[in-house]
Amino acid sequence: MSGRGKKTTELLLVLLKKGNYASRIGPGTAIFLAAVLEYLTAEVLELAGNVAQENKKARILPRHIQLAVRNDEELNKLFSSVTIAQGGVLPNVLPKLLPKKTVLSHEHS
């Protein structure tokens, strides 16, 4: 919980009303939207932080966000049409191209 709750939700409510998304927008809408955005942000940052730790980095980079989102099935589906700047691509090495020892160890797993 961010501590900016009331100001943020009031701003969201104003933006929702100005945006002509619907003819009537209830006050609970902004609170719900703020909660969803906070949850998604926390989820992405947690996964990206894990990727950064695996790569022995202290700072989350766009590359870490890209790897976190693309390796999570639900987030990948949600962000399927999103391009993350400086994110790079997912490594995809065909099993045929791996050395034979590596291929054998992958088959036994």
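Numbering of the sequence shown is given in the working numbering, commencing with residue 8 and proceeding in unit increments. Glycine included, C-beta positions come from ideal geometry on N, C-alpha and C. Just so we're clear, the structure is a prediction, and the values are computed from it rather than from any experiment.
Contact under 8 Å by Cβ, His71 with Ala55: Within the sequence shown, numbered from 1, the residue matching residue 71 stands at position 64. Within the sequence shown, numbered from 1, the residue matching residue 55 stands at position 48. Their beta carbons are under 8 Å apart, which means His71 touches Ala55 by this criterion.
Presumed contact (8 Å Cβ cut-off) between Val76 and Leu68, rounded CB distance: Here residue 76 corresponds to residue number 69 of the sequence shown, with the count starting at 1. Here residue 68 corresponds to residue number 61 of the sequence shown, with the count starting at 1. In fact, because the Cβ distance is near 13 Å, the residues do not count as touching under 8 Å.
CA nearest to the CA of Lys84, picked from Gln73, Ala92 and Pro106: Within the sequence shown, residue 84 is the residue found at index 77, counting from 1. Sorting Gln73, Ala92 and Pro106 by C-alpha distance to the C-alpha of Lys84 places Gln73 at the top.
Cutoff 8 Å; reference Val51; Cβ partners in own chain excluding five residues on either side: Looking up residue 51 in the sequence shown gives position 44. Result list for Val51: Ile72, Ala75, Val76 and Leu82, in chain order.
Span separating the alpha-carbon of Leu20 from that of Gly33: Taking the first residue of the sequence shown as 1, we reach residue 20 at position 13. Taking the first residue of the sequence shown as 1, we reach residue 33 at position 26. Those two C-alpha atoms are separated by around 8 Å.
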